[in-house]
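>
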Amino acid sequence: MGTTFKNQISICIFLQLLFLHIFPVFSQAASSDRILQGQSLVDGQVIISAGENFAVGFFSSGDSTNRYVGIWYNKIPVQTVIWVANRDKPISGTAGVLRIGDDGNLMVFDGNTSIWSTNTSSATANSTAVLADSGNLILLRSENVGDQSKALWESFRYPTDTYLPDMRVYTNVITGIGSAFTSWRSNDDPTSGNYSISLDPRASPQLVVWDGPKRHWRSGHWNGLIFTGLPRMTALILYGFKLTNEGNGNIYFTYTLVNSSIITRFKLRWDGTIDQFVWDEGLRQWKILLSEPSNNSEIYNNCGMFGVSKAMGSPTCSCLEGFKPKYASQWEEGRYSDGCIRMTPLQCNINGTNDVFREVRGLKWPDFADTAAANDINKCKDLCAKNCTCNAYTFASGIGCMIWSGNFVDLEHFDEGGNSLYVRLAKSELGSRKKISYVLWIVIATAITVVVGIIILILWRFNGKLLGITKADRKNDEVIHDMSSTVRGFSAVFSEADDIAIDGKHGSVPQLPLFSFNDIEIATNDFANKNKLGEGGFGLVYKGTLPGGVEVAVKRLSKWSGQGSGEFKTELTLIAKLQHRNLVRLLGCCIEGEEKLLIYEFMPNKSLDSFLFDSFKKSQLDWTTRFAIIGGIARGLLYLHRDSRLRIIHRDLKASNILLDEEMNPKISDFGMARIFGGNQNEANTVRVVGTYGYMSPEYAMEGLFSVKSDVYSFGVLLLELVSGLRNSSFHSPECSNLIRHAWSLWKDNKAAELIDPSIAGSCSEDEALRCINVAILCIQSAAADRPTMSSVVTMLESVNTKISMPGQVDICFASSKSLDFIMECHENSSSIEVPITEVTGR
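Here the working numbering runs 948 ahead of the position in the sequence shown, where the first position is 1.
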């Protein structure tokens, strides 16, 4: 019995020693964000990042009992693994240990056998592994734990299948070697799968998904803002990608969140699809925001050499103009892989015959481009023309001159957006096209003449009764005829009402003077540079002078504009029907071939931003003038929202879209993005968000939900700019990242008077300015329901006896993200951005 008692004492002492020496290590590892030299993390324990965003530990996937070391989201109930260490060497039991080895490397052991290691030669015996709140597992020397830039190794540089915000995707433009993501083998098997993704630096960088050694999909070339093969990438949440040149041939992409409260990730799935996920806190599930490739037409080289793939319509493949199927019988059977061949061989100056270039629009550029040293499109064309191996060229904003010397591979046509490519063809191909076009135009012109003659005869014979013309229509006709008298003597003809679908509903364009393109060329002196008034995403605006000396502004829709016929028709429809002293007047239009032009009344003082944000000219806007401009804009919006025959949401209200007449009266312009609401309709949702960042309301930018309150938000931002003389998108200070946050900070600290523009200090009524600031902050409230209507805004601005409520908290998270500052810089000189949205919900 004595022996047994001694044995029991020995066991107790042993267990106490084990508890005292081992358990503290486990406890520290389980509750800390790091693993120190000599510490171990065993299966069943985790370490958690300082902000509790991510966790590291052992996990199993699906029904498998295999164990892996991985990183996953700590606060999300659905275990979502974003990185795996020993993905190709699983542990069959629970004997796994994660610790720092004797050489300073972080290692995974199966019992006593090492199965994975960071394997960096720069590791030291005094190493520490830290899990950052970004999800990055970092190995550092212990004395450098506070400086993550001195990492010896980091998981972000060795990703598995997931790309996170702040992660750097490297490549070297010289060697082509860089970061690579590899898919899982299946949804439940972390083993390395068949698909990988890397950055191809040729010409301008693009993302390429590989199926083993073969290309499976590519993003298109980076133009400084988006990947050009992803028209849907214009979604606001996707902005924040940035390319950085580190030197020595090293470049890398980073992605910064639009809103730090949103949880998002990009994942290369086991089937080769790239998904962007957003966590929906309300539904407690991941939602897919973007998926590429989204259909078979986007699979790499789906239609073979010189073939063009398209998502909509049938057949899904076609040949470029000047090309024909290589094997017509295969195309009839729906087999397109052998692609197309030229109808006529290129001449390349043989017998003095030059080749020609034909523009093809709406494309995803072919793969394997090269850049050339040319600083404009004409020099780019000359370089290609002089090189007999050059089959096409383009000059791209943000990239420069690109040329293609081989066969065209992986061409895709987009229904909206896309890029222009100038394809080299034999000169005879252009000649045949001209003959066909000439005959076609003769037939069309003859048909139009006959139809117009019949319509005129009917109108004259029945005096408009068969058209059911109402008194309102007749009144509108009188307005249009009054407008036409302004330009009498000019060779304009009246167009008939044109049936146009807007937002799924049909309406008619009132009769407008329809000018010929030749007349507009004469009026603008052939669109001379000296007559250019400005430009935006739609194209250029020129000053023109009609016979009799009437000055007009001519808005010429660019062939390369993101705005197309829809926006043109919308603006044509709306402005012609709207009559208000604070809305710009439309005098006529021109639709001829590919040319689309709108003719407006001329505003001699140009746009509000040309005064407000000019350090020399802003002093001309004294407080009295600014307050009058504020009131005019407010009344113009009130007319659009409540008092006009149509209920209009402008959707792109900003300083550059406020024009000033000779007396500095404001006139709202640019209705290309506007939407019509029905009489009882209060809000709508869209999958195509358009407008200018910095003026967009949170619910519109993030969810595509818009209403009259969207314009109220934009007005609030504009009001802050008018009071302060500062541009929201370019305001930065050590304390605040933009004007909205700055204004809110001053307001809540009772220092709102400091926001007033110093240039108007002598003329300013401080009470009126503070009233405007109060109204502005009410207008930029986070929730649309908390914002006033424009009728309330007008009342608050015009009546000193009206009591104004105190505003609530402004959503400074939305307003102050650094990635949004980056977007604003990119779009500072653009008229608008276009954003497709697919159910985005922030937390």
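The C-beta atom is built at its ideal place from N, Cα and C for all residues, glycine as well. Owing to the predicted nature of the structure, the values given are computational and were not obtained by experimental measurement.
Would you report the Cα separation of Leu1079 and Asp981, rounded to the nearest angstrom?
Here residue 1079 refers to the residue found at position 131 of the sequence shown. Here residue 981 refers to the residue found at position 33 of the sequence shown. C-alpha separation (whole angstroms): 5 Å.
> May I ask you to report which of helix, strand or coil DSSP gives Tyr1016?
Position 68 of the sequence shown, counting from 1, holds the residue named residue 1016. Of the three classes helix, strand and coil, the one that applies to Tyr1016 here is strand, per DSSP.
> For the pair the region 1462-1475 and the region 1581-1597, tell me if three or more CB-CB distances fall below 8 Å.
Contact between the region 1462-1475 and the region 1581-1597 is absent, because fewer than three Cβ pairs lie under 8 Å.
> In this structure, how does DSSP classify Phe1316 when only helix, strand and coil are distinguished?
Taking the sequence shown and counting its residues from 1, the one referred to as residue 1316 is at position 368. Phe1316 falls in the coil class under three-state DSSP.
> If I'm right that Lys1544 touches Leu1505 with Cβ under 8 Å, what's the distance once you round it to whole angstroms?
Working through the sequence shown from its first residue, we reach residue 1544 at position 596. Working through the sequence shown from its first residue, we reach residue 1505 at position 557. That pair is a contact at about 4 Å.
> Give the range of the beta strand (DSSP E) segment to which Gly1664 is assigned.
Position 716 of the sequence shown holds residue 1664. It is not in any beta strand (DSSP E) - Gly1664 instead sits in the alpha helix (DSSP H) that spans 1656-1672.
> Using DSSP with H/G/I as helix, E/B as strand and the rest coil, what is Arg1283?
What you label residue 1283 is simply residue 335 of the sequence shown in a count that begins at 1. Three-state DSSP puts Arg1283 in coil, outside helix and strand.
> Nearest to Gln985 by CA position, among Gly1018, Ser1075, Gly1005, is which residue?
Counting from 1 along the sequence shown, the entry for residue 985 is found at position 37. Comparing Cα-Cα distances from Gln985 to each of Gly1018, Ser1075, Gly1005, the minimum goes to Ser1075.
> Rounded to whole angstroms, what's the CA-CA distance from Glu1194 to Thr1119? Just pull it up for me.
Stepping through the sequence shown from its first residue, residue 1194 is reached at position 246. Stepping through the sequence shown from its first residue, residue 1119 is reached at position 171. So the alpha carbons of these two residues sit roughly 10 Å apart.
> What's the gap between the Cα of Pro1706 and the Cα of Lys1696?
Taking the first residue of the sequence shown as 1, we reach residue 1706 at position 758. Taking the first residue of the sequence shown as 1, we reach residue 1696 at position 748. Cα-Cα distance, rounded: 21 Å.
> Starting from the Cα of Asp1467, find the closest Cα among Asp1114, Val1056, Val1502 and give me that residue.
Working through the sequence shown from its first residue, we reach residue 1467 at position 519. Comparing Cα positions, the closest option is Val1502.
> Between which two residues does the beta strand (DSSP E) holding Phe1225 run?
Counting from one through the sequence shown, the residue named residue 1225 turns up at place 277. Residues 1222-1228.
> Assign Phe1271 to buried or exposed, taking buried as 16 or more other Cβ atoms, counted over all protein chains shown, within 10 Å of its Cβ.
The count along the sequence shown starts at 1 and reaches residue 1271 at position 323. Flag for Phe1271 reads buried.
> With distances taken between CB atoms, is the gap from Ile1597 to Val1665 smaller than 8 Å?
Counted from its first residue, the sequence shown places residue 1597 at position 649. Counted from its first residue, the sequence shown places residue 1665 at position 717. Against a cut-off of 8 Å, the Cβ pair of Val1665 and Ile1597 comes out as no contact.
> If you reduce the DSSP assignment to three classes, tell me which class Arg1599 lands in.
Position 651 of the sequence shown, counted from the first residue, corresponds to residue 1599. Looking at Arg1599 - three-state DSSP - the assignment turns out to be coil, as it is neither helix nor strand.
> Who are Ile1298's beta bridge partners in DSSP?
What you label residue 1298 is simply residue 350 of the sequence shown in a count that begins at 1. For Ile1298, which the question treats as bridged, DSSP gives no partner whatsoever.
> Quick check on Arg1372: does DSSP put it in helix, strand or coil?
Taking the first residue of the sequence shown as 1, we reach residue 1372 at position 424. Three-state DSSP puts Arg1372 in a strand.
> Do the CB positions of Glu1359 and Val1256 come within less than 8 Å of each other?
Along the sequence shown, one-based indexing puts residue 1359 at 411. Along the sequence shown, one-based indexing puts residue 1256 at 308. One point to set straight first is that residue 1359 is Leu, not Glu, in the sequence displayed. Their beta carbons are under 8 Å apart, which means Leu1359 touches Val1256 by this criterion.
> CA-CA distance, Cys1538 and Thr1640?
Position 590 of the sequence shown, counting from 1, holds the residue named residue 1538. Position 692 of the sequence shown, counting from 1, holds the residue named residue 1640. About 27 Å.
> Since I believe Val1032 is in contact with Gly1052 (beta carbons under 8 Å), could you give me their beta-carbon distance rounded to a whole number of angstroms?
Taking the first residue of the sequence shown as position 1, residue 1052 is located at position 104. Taking the first residue of the sequence shown as position 1, residue 1032 is located at position 84. Their Cβ separation, rounded to whole angstroms, is 22 Å, which puts Gly1052 and Val1032 out of contact at 8 Å.
> Given a threshold of 16 other Cβ atoms within 10 Å of its Cβ, counted over all protein chains shown, does Ser1040 qualify as buried or as exposed?
For the purposes of this step, residue 1040 is taken as residue 92 along the sequence shown, with counting starting at 1. Counting Cβ neighbours within 10 Å, Ser1040 comes out exposed, since fewer than 16 surround it.
> On the criterion of 16 or more Cβ atoms from any shown chain inside 10 Å, does Glu1102 qualify as buried, or is it exposed?
Residue 1102 sits at position 154 when you count from the first residue of the sequence shown. Buried is the call here.
> Within its chain, find whatever has a CB closer than 6 Å to the CB of Gln976; leave out the 5 residues flanking it on each side and keep chain order.
Locating residue 976 in the sequence shown gives position 28, where the first residue counts as 1. Here Gln976 scores only 38 on pLDDT, less than 50, and its place in the model should not be relied on; the value that follows carries that caveat. Answer for Gln976: no residue qualifies.
> Using CA atoms only, rank isn't needed, just tell me which of Ser1345, Ile1351, Ser1245, Ala1344 is closest to Thr1337.
As a working note, residue 1337 is residue 389 in the sequence shown. It is Ile1351.
> Got a sec, what are the start and stop residues for the beta strand (DSSP E) Asn1198 sits in?
Position 250 of the sequence shown, counted from the start, is the residue given in the question as residue 1198. Taken as a continuous stretch (DSSP letters only), the beta strand (DSSP E) holding Asn1198 covers 1198-1203.
> Skipping 5 residues on each side, what residues in its chain have a beta carbon closer than 6 Å to that of Ser1082?
As a first step, residue 1082 must be located in the sequence shown, where it is residue number 134. Same-chain partners within the cutoff: Asp1114.
> From the DSSP output, in three-state form, read off Ser997 for me.
The residue labelled residue 997 in the question sits at position 49 within the sequence shown. Here Ser997 sits in coil by DSSP.
> What does a CB cutoff of less than 7 Å around Ser1285 pick up in its chain, not counting 5 residues either side in sequence?
Residue 1285 sits at position 337 when you count from the first residue of the sequence shown. Around Ser1285: Gly1252.
> So, Ser1009 versus Pro1138, is the Cβ gap smaller than 8 Å?
For the purposes of this step, residue 1009 is identified with residue 61 of the sequence shown, where counting begins at 1. For the purposes of this step, residue 1138 is identified with residue 190 of the sequence shown, where counting begins at 1. A contact, by the Cβ cut-off of 8 Å.
> Only counting the same chain, and skipping five residues up and downstream in sequence, which positions put a Cβ closer than 7 Å to that of Ser1376?
Looking up residue 1376 in the sequence shown gives position 428. So the list reads Thr1292, once near-sequence residues are dropped.
> Can you tell me where the beta strand (DSSP E) holding Trp1064 begins and where it ends?
Position 116 of the sequence shown, counted from the first residue, corresponds to residue 1064. Per DSSP, Trp1064 belongs to the beta strand (DSSP E) from 1061-1065.
> Using a threshold of 8 Å, state whether the C-beta atoms of Ile1725 and Val1758 are closer than that.
One-based indexing of the sequence shown puts residue 1725 at position 777. One-based indexing of the sequence shown puts residue 1758 at position 810. In contact: Ile1725 and Val1758 (Cβ atoms closer than 8 Å).
> Which same chain residues end up closer than 7 Å to Cys1296 when comparing Cβ atoms and leaving out the 5 residues on each side of it in sequence?
Within the sequence shown, residue 1296 is the residue found at index 348, counting from 1. Counting only Cβ-Cβ distances below 7 Å, and skipping sequence neighbours, we find Asp1303, Cys1336.
> Since Val1671 contacts Arg1735 with CB under 8 Å, what's their CB separation in whole angstroms?
One-based indexing of the sequence shown puts residue 1671 at position 723. One-based indexing of the sequence shown puts residue 1735 at position 787. The pair is not a contact, with the Cβ atoms about 18 Å apart (cut-off 8 Å).
> What are the start and end residues of the beta strand (DSSP E) that includes Glu1716?
To locate residue 1716, count along the sequence shown from 1; it is residue 768. No beta strand (DSSP E) holds Glu1716; the alpha helix (DSSP H) holding it covers 1714-1727.
> Can you tell me whether DSSP reads His1792 as helix, strand or coil?
The question about residue 1792 has no answer, for the chain in this structure spans 949 to 1791.
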